[in-house]
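Top line first, the protein sequences correspond to chains A and B. The C-terminal position of the first sequence is numbered 277 in the working numbering, with every residue numbered one higher than the one before it. The C-terminal position of the second sequence is numbered 806 in the working numbering, with every residue numbered one higher than the one before it. Think of the CB as a built atom: it goes at the ideal place given N, C-alpha and C, for glycine as much as any other residue. Data first, discussion second: the structure below is written as structure tokens.
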Amino acid sequence: MIPVEFEYVKVTTIDQAIAALKSGGEDAKIISGGQSLLPVLRLRMAEPSVLVDCGGIDEMLGVRDDGGSITIGAATTHHGVMNNPLVQKHALLLAQATATVADPAIRHRGTTGGALAHADPAGDVPAAALALNASFVIAGPSGRRTVDAKDFFLDYFTTAVGPDEILVSFSIPKCDWGSHYSKFSRTAQAWAIVGVAAVVNVKGGVIKEARIGLTNMAPTAVRASTVEAALVGASSAADITAAAMHAADGTRATSDLHAKADYREHLARVITARAVRAAAGI
Amino acid sequence: MTAALDTGTALGKPIRRKEDAHLLHGQTNWTDNIQLPGTVHMAILRSPMAHAKITKLDVSGALKQTGVVAAYGAKELGDLNGGVPCVWPVTDDIKMPAFPALAIDKVRQVGDCVAVVLATSAAAAVDALDSIEVSYEQLPAVTDMEAALKSGSALVHDEIETNACYVYKMPCGDYAASRAKADVVLARRFINQRLIPTFMEPRSVVAAPMGMSDEITIWSSTQIPHVLRVLLALVTGIPENNIRVVAPDVGGGFGGKLQMYREEILVTNLAKKLGRPVKWTETRSENMVATHHGRDQIQDIEIAATKDGKILGLKVTLLANMGAYLQIITPGIPLLGMFMYPAIYKMDSYDFTCTGVFTNKTPTDAYRGAGRPEATYVIERIIDELAAEIGMEPMELRKKNWITHDEFPFTTVAGLTYDTGNYEAATEKALAMFDYDGLRAEQARRRASGDPVQLGIGISTYTEMCGLAPSRTLGALKYVAGGWEHCTVRALPTGKIEVVTGTSPHGQGHETAWSQIASSILGVPVEDIEVIHSDTGRAPYGMDTYGSRSLAVGGQAIKAASERLVEKARVIAAHQLECSASDLEFINGTFQVKGDPSKSQALGAVAFEAFTAHNLPAGVEPTLQAEATIDPADFSFPHGTHLAAMEVDTETGQVKLRKYVCVDDVGMQVNPMIVEGQVHGGVAQGIAQALFEGAEYDDDGNLLTASLADYLIPSAADLPSFDTGTTVTPSTTHPLGTKGVGEAGTIASTPAIINGIVDALRHLGVTDVAMPASPQTVWRTIQAAKGGAK
Ligand SMILES: Cc1cc2nc3c(=O)[nH]c(=O)nc-3n(C[C@H](O)[C@H](O)[C@H](O)COP(=O)(O)OP(=O)(O)OC[C@H]3O[C@@H](n4cnc5c(N)ncnc54)[C@H](O)[C@@H]3O)c2cc1C
């Protein structure tokens, strides 16, 4: 359908973006790749008065090496992120998760920061950000702050980014563990029924430490912390499968057309075992 | 993997499609691209409820909005609120409730049209919908067919006092006797789920009164411009000779645009009333609820057989969901399947009963295959189940019962006469391409080792009836139209050829294929032939495109008209060359005197003579053109063997189509590349029903799969590359030897997939898997068979 009439502002600095959000008032919204926002506007599920386009802000584009971590501008496209050598070297899990987002056309427009800010519980990137211990730089009228991944995702489509704020970038501590993102979906372009993002530190065939993020098992991406603990010391497929039996512990899976909650929980267990085995090479 | 037929002409060559350049270069003329000065745009207020009384409707608020030109509810529209027609009253006592374009007092489906706004921009029209005051009193929704038929059920249409639309019976032979003789009687229920056509280009219609005359031109994204013209005249009262209907580039239809929609009536009537062009283009959200749906049958099938696998009889009892209203051929769809349940098999008796049922859902109608996929699905499923029951190899059971190639022409128990076929040849070729024995061995290994990923082989040996249709047969089935097709061929003074066809392509490639047929007869290069279609002003006669009829029927008209043109030209050429017509040979577009090749005249030169008319033989009229209107002698019966190797992950229920082989026999192929394209697309669409698609409603009649995020259609990424092959057994009832190919793949592939999944899981106790076989459904089926949680 046709969206309700809105104003469009393209800005080139963070300060301009914050000023534009402020003058636009309550209904002003950031638009990044538009791949989640435009469908919402076209269905008239949201009727913002102003859209502030952050795609022209240099600071929000590209990936840089910060020594111990890499920093990814929030307006970098999925395509740019998954093909970036720094991401592939130091945050492979993010590249793996991003590569499963929708299709090439959408990955060329949609942005990874946009996906994180949008925080769809079925989105693929948040689980990877959790597993990689990402931290987020948020700018607002009162300056900048940094929020850890565990405090970033608050609820369905809700993050620590306030309505008058903007996500500038996110940083990922360099990680050379084995990694794998396993997405269970019905078609190649469909959203995840369940997704599992796993990074595993294996030494001498034994798992020393693991971090696992789950997609679509709760109102936000969540860590499978019971599995993470149970995996320490695992050295066989059977060990991993046993640990993965806890994948649904503490989750709040919902039921929808593609999966009822009990099936989602079952899938979480099966897919977690497979993702960890693939990441660990066990 | 298609073999080109060497005819020495363009016929049978896999030449590239003429129409593709403009499609690929963005030079298409979609209806929505049409911009006429002074256009007003229509937006529609649709019912959010499946069944409700309209307790208040006030459109006056909309009239106050910027840009709004007019707004109407049913009351304001009055006589212009035309009714959507149904042209297939299948029984004498069928119930045919009124279907007004704008709902009167009651809405009966989500998406029913309640009011319209016309404004100078599409945005203004949509904005103004919010200013219409409407309120509803919700009524109980009828959503379940079996419950709908129970006494005391809420009624979709109070005035007909029942939800049963009709009961159609066709008893053939004595089924009770067959059943009494049988060692095995197997009864099963299958659900052929509801599907949404989801063609790529949404519907769009523009109507414009042409100021200088009484003509009104309607551009519509339709498969049926000719039929639409007749129906618009009948419904609107605008004289037919003042109506011109054009289907510009049309982006797919699959039966979904074989329809006269309420929006077409509204746009036409309002353009006439307002005296200016009116345009409406549906959104995808509207498309999901307001474009007709397909399938939706509960199918009870019973098969009677001997213990060594001889089929004796078949009984089929259907409940067919009509939805809330009858559209153009809603009630007839199950009847198109009725003849095909016995399929390729010999048997003594067949008993068919179908009950059409009204529910508060979107009306159903033709969708790729229309009735025959439903039939093929259950017969091919029950054959596999019978094979399992009596412990026979499923292919052996088929071989034991199918019509052998030396038995054609063969009249089936359902009364159809199949002209030709060779099921043995197609099957043998498919088995070889598939490595059937190798896959069976792998299946055995995986079973023995308890592999979490099991392998199954799905078979579908199908035939179908298409090429709609002999007019007499349609008449006997109470269909209110004929099944003929028309062609006019003109040789222009400059030697170029116009082929005017009554078929209406929307992706199929008629411009290329029709040129090839005409070229092969006229000896004129394909590039010099222009195919004119889909415009009742330029191609006035036709019955349009659906039911795999365009080549099977329309091709005959092109052949006949081209041949008539050559005969007329021969008389003129003989006169010019001063010989008798019988002394002339027509070779590569040139008439030559037999034995004296120096005396010749090309067809183009004859055309010029016919144009100047300076020196024509006595009694021969000027101009070189000929026409033919052909009623087909019979339906066309393509057939083939499709084989699917299915991997099923028993831990998650996820299914993977590993390999798909099909060998189709569509008779003579005018263009093997186009045939292959139709097979690929058709197979994909049938697989989509088996694995992905399914319209789901809640108990209140809300469509839950109302967007493409929830209604899953596969893309190329979800399917393997299919291995296609063909055998060629020319049709004997169609002069070109051709059969239809548009629907064959869709009809064949659905049961192959499900048979493959069941075959992979049969050792676990699984005997059926519901469609679409989503991972959850497959997983729950496995759990249930294991005796675990449902
Ligand atoms: C057909 C389709 C399929 C898809 N499939 C998947 C999938 O399988 N997996 C998946 O993960 N995603 C999927 N997506 C979503 C895709 O990943 C989007 O790119 C992403 O959700 C949003 O990114 P965007 O840049 O397009 O954001 P936009 O649509 O521009 O914005 C989304 C929301 O985030 C806000 N926002 C954006 N950037 C910022 C910022 N820097 N600061 C503050 N707020 C911001 C906007 O205000 C808006 O509310 C799909 C999208 C489509 C259209």
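*Say whether chain B places a C-beta atom closer than 7 angstroms to the C-beta of valine 45(A).*
If you number the first sequence from 1, residue 45(A) lands on position 50. Residue-level contact by beta carbon fails for valine 45(A) and chain B, as no gap is shorter than 7 angstroms.
*For serine 465(B), name the three-state secondary structure that DSSP assigns.*
Residue mapping note: residue 465(B) aligns to position 449 of the second sequence, counting from 1. Of the three classes helix, strand and coil, the one that applies to serine 465(B) here is helix, per DSSP.
*Boundaries of the beta strand (DSSP E) in which tyrosine 152(B) is found, first to last residue*: Locating residue 152(B) in the second sequence gives position 136, counting from the first residue. Taken as a continuous stretch (DSSP letters only), the beta strand (DSSP E) holding tyrosine 152(B) covers 149 to 154.
_Strictly below 7 angstroms CB to CB, what residues from chain A border aspartate 734(B)?_
Within the second sequence, the letter at position 718 stands for residue 734(B). The answer, in chain order, is Thr182 and Ala183.
*asked:* Quick check for students: name the residue ranges of the beta strand (DSSP E) that lie wholly in the region 621 to 707 of chain B, counting only runs of 3 or more.
replied: Within the region 621 to 707 of chain B, the complete beta strand (DSSP E) runs of at least 3 residues are 640 to 646, 655 to 665 and 671 to 681.
*Curious, which full-length alpha helix (DSSP H) runs of at least 4 residues does the region 146 to 206 of chain B contain?*
Every alpha helix (DSSP H) stretch that sits fully inside the region 146 to 206 of chain B and reaches 4 residues is listed by chain position as 161 to 164 and 191 to 197.
*Is the region 753 to 769 of chain B touching the region 703 to 722 of chain B in the sense that three or more CB pairs, one from each, lie closer than 8 angstroms?*
With three or more CB-CB distances shorter than 8 angstroms, the region 703 to 722 of chain B counts as touching the region 753 to 769 of chain B.
_Short CB-CB distance (under 7 angstroms) between methionine -4(A) and chain B_ = Walking along the first sequence from the start, residue -4(A) turns up at place 1. With a threshold of 7 angstroms between beta carbons, methionine -4(A) makes contact with chain B.
*Of the residues Gly269(B), Val261(B), Pro225(B) and Tyr182(B), the one placed nearest arginine 219(B), counting alpha carbons only*: Taking the second sequence and counting its residues from 1, one reaches residue 219(B) at position 203. Nearest of Gly269(B), Val261(B), Pro225(B) and Tyr182(B) to arginine 219(B), Cα basis: Gly269(B).
_Rounded distance between the beta-carbons of valine 582(B) and phenylalanine 602(B), thought under 8 angstroms_ = For the purposes of this step, residue 602(B) is taken as residue 586 along the second sequence, with counting starting at 1. For the purposes of this step, residue 582(B) is taken as residue 566 along the second sequence, with counting starting at 1. Contact holds; Cβ gap of about 6 angstroms.
*Relative to the C-alpha of isoleucine 317(B), which residue among Leu659(B), His630(B) and Leu334(B) is closest?*
As a first step, residue 317(B) must be located in the second sequence, where it is residue number 301. Ranked by Cα distance from isoleucine 317(B), the first of Leu659(B), His630(B) and Leu334(B) is Leu334(B).
*Once you ignore the five residues that flank glycine 348(B) on each side, which residues in its own chain have a CB closer than 6 angstroms to its CB?*
Within the second sequence, the letter at position 332 stands for residue 348(B). Trp104 and Val106.
_On the CB-based measure, 16 or more other CB atoms within 10 Å of its CB, does histidine 103(A) come out buried or exposed?_
In the first sequence, counting from the first residue as 1, residue 103(A) sits at position 108. Exposed is the label assigned to histidine 103(A), since fewer than 16 other Cβ atoms lie within 10 Å of its Cβ.
*Jot down the residue ranges of each uninterrupted alpha helix (DSSP H) in the region 456 to 503 of chain B, minimum 4 residues, whole runs only, in chain order.*
Within the region 456 to 503 of chain B, the complete alpha helix (DSSP H) runs of at least 4 residues are 487 to 492.
*Is alanine 280(A) near ligand 1, going by C-beta to nearest heavy atom under 6 angstroms?*
Absent from the structure is residue 280(A), since the part of chain A shown begins at -4 and ends at 277.
*So with Cβ pairs under 7 angstroms, would you call alanine 254(A) a contact of chain B?*
In the first sequence, residue 254(A) corresponds to position 259, counting from 1. Chain B contact via Cβ: present.
*With 7 angstroms set as the bound, which would you pick, yes or no: does the beta-carbon of alanine 5(B) sit closer than that to a beta-carbon of chain A?*
Because residue 5(B) is not part of the residues shown, which for chain B are 17 to 806, the question remains open.
_Quick check on the DSSP output: what are the complete alpha helix (DSSP H) runs of length 4 or more inside the region 9 to 83 of chain A, in order along the chain?_
Counting only runs of 4 or more, we get 9 to 19, 32 to 37 and 73 to 77.
*Using a C-beta cutoff of 7 angstroms, does leucine 61(B) count as contacting chain A?*
Counted from its first residue, the second sequence places residue 61(B) at position 45. Chain A, which has no Cβ nearer than 7 angstroms to the Cβ of leucine 61(B), makes this no.
*With a threshold of 16 other CB atoms inside 10 Å of the CB of glutamate 2(A), please say whether the residue is buried or exposed.*
Taking the first sequence and counting its residues from 1, one reaches residue 2(A) at position 7. By the beta-carbon neighbour count (other beta carbons within 10 angstroms, threshold 16), glutamate 2(A) is exposed.
*Are the CB atoms of phenylalanine 368(B) and methionine 481(B) nearer to each other than 7 angstroms?*
Position 352 of the second sequence, counting from 1, holds the residue named residue 368(B). Position 465 of the second sequence, counting from 1, holds the residue named residue 481(B). No, Cβ-Cβ distance for phenylalanine 368(B) and methionine 481(B) is not below 7 angstroms.
*Specify the secondary structure class of methionine 356(B) as computed by DSSP and reduced to three states.*
Counting from 1 along the second sequence, the entry for residue 356(B) is found at position 340. In the structure shown, methionine 356(B) sits in coil (DSSP, three-state: anything other than H, G, I, E or B).
*What is the DSSP secondary structure of valine 75(B), reduced to helix, strand or coil?*
Locating residue 75(B) in the second sequence gives position 59, counting from the first residue. Reduced to three states, the DSSP call for valine 75(B) is coil.
*chain B contact residues for tyrosine 258(A), given Cβ-Cβ distances below 7 angstroms*: The sequence position of residue 258(A) within the first sequence is 263, counting from 1. Near tyrosine 258(A) (Cβ distances below 7 angstroms), the residues of chain B are Gln792 and Trp795.
*Would you mind reading off the limits of the beta strand (DSSP E) that contains leucine 134(B)?*
Residue numbering aside, residue 134(B) sits at position 118 when the second sequence is read from its first letter. DSSP places leucine 134(B) in the uninterrupted beta strand (DSSP E) bounded by 129 to 135.
*Taking the CB atoms as reference points, tell me whether alanine 70(A) and cysteine 49(A) lie closer together than 7 angstroms.*
In the first sequence, residue 70(A) corresponds to position 75, counting from 1. In the first sequence, residue 49(A) corresponds to position 54, counting from 1. One thing to note: alanine 70(A) has its Cβ within 7 angstroms of the Cβ of cysteine 49(A).
*How would you list, in chain order, the residues of chain B whose beta-carbon sits under 7 angstroms from the beta-carbon of valine 195(A)?*
Position 200 of the first sequence, counted from the start, is the residue given in the question as residue 195(A). Below the 7 angstroms Cβ cutoff, chain B contributes no neighbours of valine 195(A), its closest Cβ being approximately 21 angstroms away.
*Mind checking whether the beta-carbon of threonine 106(A) lies closer than 6 angstroms to any heavy atom of ligand 1?*
The count along the first sequence starts at 1 and reaches residue 106(A) at position 111. Correct: threonine 106(A) has its Cβ closer than 6 angstroms to ligand 1.
*Is any heavy atom in ligand 1 found nearer than 6 angstroms to the beta carbon of aspartate 734(B)?*
Position 718 of the second sequence, counted from the first residue, corresponds to residue 734(B). Not one heavy atom of ligand 1 is found less than 6 angstroms from the C-beta of aspartate 734(B).
*asked:* For glutamine 125(B), list the residues DSSP reports as bridge partners.
replied: Here residue 125(B) corresponds to residue number 109 of the second sequence, with the count starting at 1. According to DSSP, which records beta bridges pairwise, glutamine 125(B) is partnered with nothing at all.
_As a quick exercise: from Gly483(B), Gly717(B), Ile60(B) and Leu777(B), pick the residue whose alpha carbon is nearest that of alanine 460(B)._
By 1-based counting over the second sequence, the position of residue 460(B) is 444. When only C-alpha atoms are compared, the closest one is Leu777(B).
_Same chain only: Cβ atoms within 7 angstroms of alanine 549(B), ignoring 5 sequence neighbours per side_ = Locating residue 549(B) in the second sequence gives position 533, where the first residue counts as 1. For clarity, residue 549(B) is histidine in the given sequence; the question names alanine instead. If we look at histidine 549(B) and ignore the five residues flanking it on each side, its Cβ neighbours are Thr517, Thr519, Ser520, Pro521, His526 and Ala555.
*Using 6 angstroms as the cut-off, classify the Cβ of histidine 103(A) as near or not near the heavy atoms of ligand 1, replying yes or no.*
Locating residue 103(A) in the first sequence gives position 108, counting from the first residue. Because no heavy atom of ligand 1 lies under 6 angstroms away, the Cβ of histidine 103(A) does not count as near it: no.
*Closer than 7 angstroms, CB to CB, is valine 96(A) near chain B or not?*
Taking the first sequence and counting its residues from 1, one reaches residue 96(A) at position 101. Not closer than 7 angstroms to any Cβ of chain B, the Cβ of valine 96(A) fails to qualify, so no.
*Could you list which residues in chain A have their beta carbon closer than 7 angstroms to that of leucine 244(B), in chain order?*
To locate residue 244(B), count along the second sequence from 1; it is residue 228. Those within 7 angstroms of leucine 244(B) in chain A number zero; the least Cβ separation is about 26 angstroms.
_Closer than 7 angstroms to chain B by CB, valine 265(A)_ = Working through the first sequence from its first residue, we reach residue 265(A) at position 270. Yes, its Cβ sits closer than 7 angstroms to a Cβ of chain B.
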